[in-house]
Amino acid sequence: MSMSYSELGSAVAPRYASTTSLKTTPFKTSFSPRSALSVVKEVGVVSPLDHPASLSGVKPAPTKMVAPMPAPYLMTESQQELTEIQQSVERLKKQRLQVEHIRHENERLEIELMRERGENRVLRQETDRFKIVEADLEKQTGKLTSLEAKYDRLESAYREKRSALADAQEKRVALEKRWSMATDNLQRMVDETTKTYEAKVIALEDDVMDREAKVQQQQEEMDELRCLHESAQMKLDKKIERLENANIDLEKKYLAQIEGLEAATGKLEAEKAEMDQKIASLVATTTRQTAMIQECDRVICESEERMNEFMKRKNAQSKTQTDLEAKNHALEQKLKVLEIETKHELDALQNTNEVLQKQLDEKTSHITELENSIAENERLATSSQREMVVRERHRFHLDEANKELRKREKVLQSTIEGLEANLRDVVDDRKGLIERISALQDQLELERQDRARWASTRLRLLAQFCDEENKLSESLGSHHTTLLSNLSD
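Using UniProt numbering, the letters of the sequence shown correspond one by one to residues 1 to 489.
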């Protein structure tokens with residue numbers, strides 16, 4: 001060889017130094033040119049038994065100093081060592097290339113891992129959004145359920161109010177029928193009572209006129225009798241005059257009673273709607289008065305007959321006068337009794353009128369109450385109709401809202417079905433991603449183990465290389481000194 005061992009060592013050392021600067025990912029170790037002693041202190045001495053396959057071409061240098069050899073032998077051995085070192089360097093280059101390739105693959109896998117993490121984050125956000133949508137759907141479903149329950153309550157209340165309105169209308173119709181029937185009956189009774197009373201008043205007036213005619217005829221006959229029997233019948237004339245006076249008084253009383261009856265008739269005509277029971281009592285009173293008038297007529301007729309008998313029977317004048325006095329006394333007693341009965345009847349009529357007035361007030365108050373109840377029922381019916389209209393409108397709005405809610409529910413259901421399908425797809429994708437991530441993590445763990453193994457192997461190789469370099473430099477130095485000593489010799 002043309003160059004010396006020192007020059008060869010100085011030429012090879014920079015190449016070795018350039019191969020030691022290896023860079024890796026966070027799982028790789030960066031190296032810098034250091035001395036063999038520092039590397040051995042950190043890593044330790046690596047024996048060839050640890051990696052026999054990778055270090056099969058590297059022979060350990062002898063630990064003892066060798067004896068000086070001849071120059072050709074030293075040159076051959078140095079060339080072999082250099083060849084082995086070059087092979088080791090080539091192997092180190094290949095390992096470095098493999099480490100670089102692994103680093104790039106690791107970076108690519110880390111980029112994919114970050115991307116998959118971002119996708120997982122997006123999927124988690126989508127899942128959270130789906131959960132929010134599901135919660136919103138549950139709230140909307142709860143609101144729909146509450147609205148349906150409220151609609152059912154309103155529907156039942158509407159049915160109850162409608163049935164109550166129908167019952168109130170039926171009651172109103174029944175009350176109107178009863179009111180119309182009572183009004184018709186009362187009007188019919190008033191008409192019948194008025195007609196009966198008018199007929200009785202006409203009959204009473206006819207009876208009074210007949211009686212006046214009879215009294216006038218009796219007065220004429222008495223005048224004739226007085227003219228014929230002035231001398232013989234003075235006492236009888238006086239008694240007849242008293243009887244006439246009594247008859248006149250009776251006529252006046254009857255005329256006053258008729259006037260009172262006419263006034264009562266006017267009052268009764270003004271109070272037709274209230275005189276049901278009073279008219280009945282007046283009819284009874286009129287009947288009794290008619291009977292009394294007939295009794296008076298009968299008594300008067302009997303008196304006339306007795307007077308005729310007295311005229312015919314002059315011989316029995318005293319007896320006839322006694323009979324006439326007795327009859328007149330009885331008639332006076334009857335007239336007194338009639339007056340007392342008339343007073344009692346007037347009192348009874350007044351009491352009956354008061355009772356009828358009270359009954360009329362009660363009926364008026366009852367009619368007022370009925371009118372108020374009818375007005376209240378009408379007001380309730382009107383308010384019920386208004387409420388019914390409002391409820392109908394509210395029910396219409398509720399139907400519209402329910403239709404809208406059903407449409408929204410269908411849309412939400414379809415959206416939820418799509419989201420569920422998407423969620424299933426996402427879950428499947430997530431499972432695939434999780435499996436892929438687990439596979440990548442396993443692969444990454446294997447690569448880490450490989451990197452660690454390669455790093456330890458690289459450190460061992462570097463330590464061995466440094467040891468070999470030191471040994472080579474020592475051997476070169478010893479050979480150089482030996483050669484120098486030989487040359488000097």
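For glycine and all other residues, C-beta sits at the position ideal for the given N, C-alpha and C.
Burial state of residue i (16 or more Cβ within 10 Å)
i, result
"Gly57", "In this prediction, Gly57 has a pLDDT of 40, which is less than 50 and means its spatial position is unreliable; what the coordinates show is noted afterwards. Result: exposed."
"Thr287", "exposed"
"Asn353", "buried"
"Cys466", "buried"
"Ala463", "buried"
"Thr141", "exposed"
"Ser373", "exposed"
"Ile102", "buried"
"Leu255", "exposed"
"Gln125", "exposed"
"Ala291", "exposed"
"Ser88", "buried"
"Asn106", "buried"
"Glu345", "buried"
"Val66", "Note that Val66 scores a pLDDT of 40, beneath 50, so its modelled location is shaky and nothing firm can be said."
"Thr193", "buried"
"Arg451", "buried"
"residue 490", "A query on residue 490 cannot be resolved here, the shown segment of the chain reaching from 1 to 489 and no further."
"Val190", "buried"
"Arg458", "buried"
"Glu305", "exposed"
"Glu259", "exposed"
"Glu447", "buried"
"Tyr73", "Because the pLDDT of Tyr73 is 49, which lies under 50, any placement of that residue in the model is unreliable, and the number read from its coordinates should be weighed accordingly. Exposed, by the Cβ-count rule."
Separation of residue j from residue i, as counted between CA atoms
i, j, result
"Leu461", "Glu445", "23 Å"
"residue 514", "Leu349", "Nothing can be reported for residue 514: it is not among the residues displayed for the chain, which extend from 1 to 489."
"Gln98", "Ile111", "20 Å"
"Glu77", "Thr83", "10 Å"
"Ala455", "Gln80", "27 Å"
"residue 492", "Ser384", "The requested residue 492 is not part of the displayed model; the chain covers only 1 to 489."
"Glu90", "Glu469", "15 Å"
"Thr415", "Val426", "16 Å"
"Leu356", "Lys363", "10 Å"
"Asp399", "Asp128", "34 Å"
"Gln217", "Val201", "24 Å"
"Glu341", "Gln187", "32 Å"
"Lys334", "Glu220", "25 Å"
"Asp428", "Glu435", "10 Å"
"residue 552", "Ala381", "Outside the displayed span of the chain (1 to 489) sits residue 552, for which this structure offers no information."
"Ile437", "Leu113", "8 Å"
"Ile248", "Arg242", "10 Å"
"Lys214", "Arg298", "12 Å"
"Lys312", "Gln294", "26 Å"
"Lys252", "Val173", "56 Å"
"Thr322", "Arg211", "26 Å"
"Cys301", "Glu262", "28 Å"
"Thr368", "Leu147", "46 Å"
"Glu387", "Glu417", "43 Å"
"Gly118", "Lys93", "37 Å"
"Arg391", "Tyr158", "7 Å"
"Lys336", "Lys238", "20 Å"
"Lys358", "Ser163", "39 Å"
"Ala375", "Lys171", "13 Å"
"Ala199", "Met209", "15 Å"
"Glu474", "Arg96", "28 Å"
"Lys139", "Glu100", "58 Å"
"Leu151", "Ala421", "For clarity, residue 151 is Tyr in the given sequence; the question names Leu instead. So the two alpha carbons sit approximately 34 Å from each other."
"Val43", "Arg453", "Residue confidence for Val43 is low, a pLDDT of 38 falling below 50, so the modelled location carries little weight; the figure read from the coordinates is stated next. Roughly 13 Å between the two C-alpha positions."
"Arg34", "Lys131", "Because the pLDDT of Arg34 is 41, which lies under 50, any placement of that residue in the model is unreliable, and the question is left without a value."
"Ser156", "Ala135", "31 Å"
"Asp223", "Asp361", "56 Å"
Contact check, residue i vs residue j, beta carbons under 8 Å
i, j, result
"Ala246", "Glu332", "yes"
"Leu137", "Leu423", "no"
"Lys433", "Leu144", "The question names Lys, yet the displayed sequence has Leu at residue 433. No, they are not a contact pair."
"Leu154", "His394", "yes"
"Leu109", "Leu419", "no"
"Leu165", "Leu370", "no"
"Asn377", "Ala182", "no"
"Arg430", "Leu123", "yes"
Near the ligand COA: residue i beta-carbon under 7 Å from a heavy atom
i, result
"Gln217", "Only the bare structure without any ligand can be found here, which leaves the ligand COA out of the picture."
Write down every uninterrupted run of the beta strand (DSSP E) in the stretch 93-153 whose length is 3 residues or greater and which is fully enclosed by it, in chain order.
Not a single unbroken stretch of the beta strand (DSSP E) spanning 3 or more residues falls wholly within the stretch 93-153.
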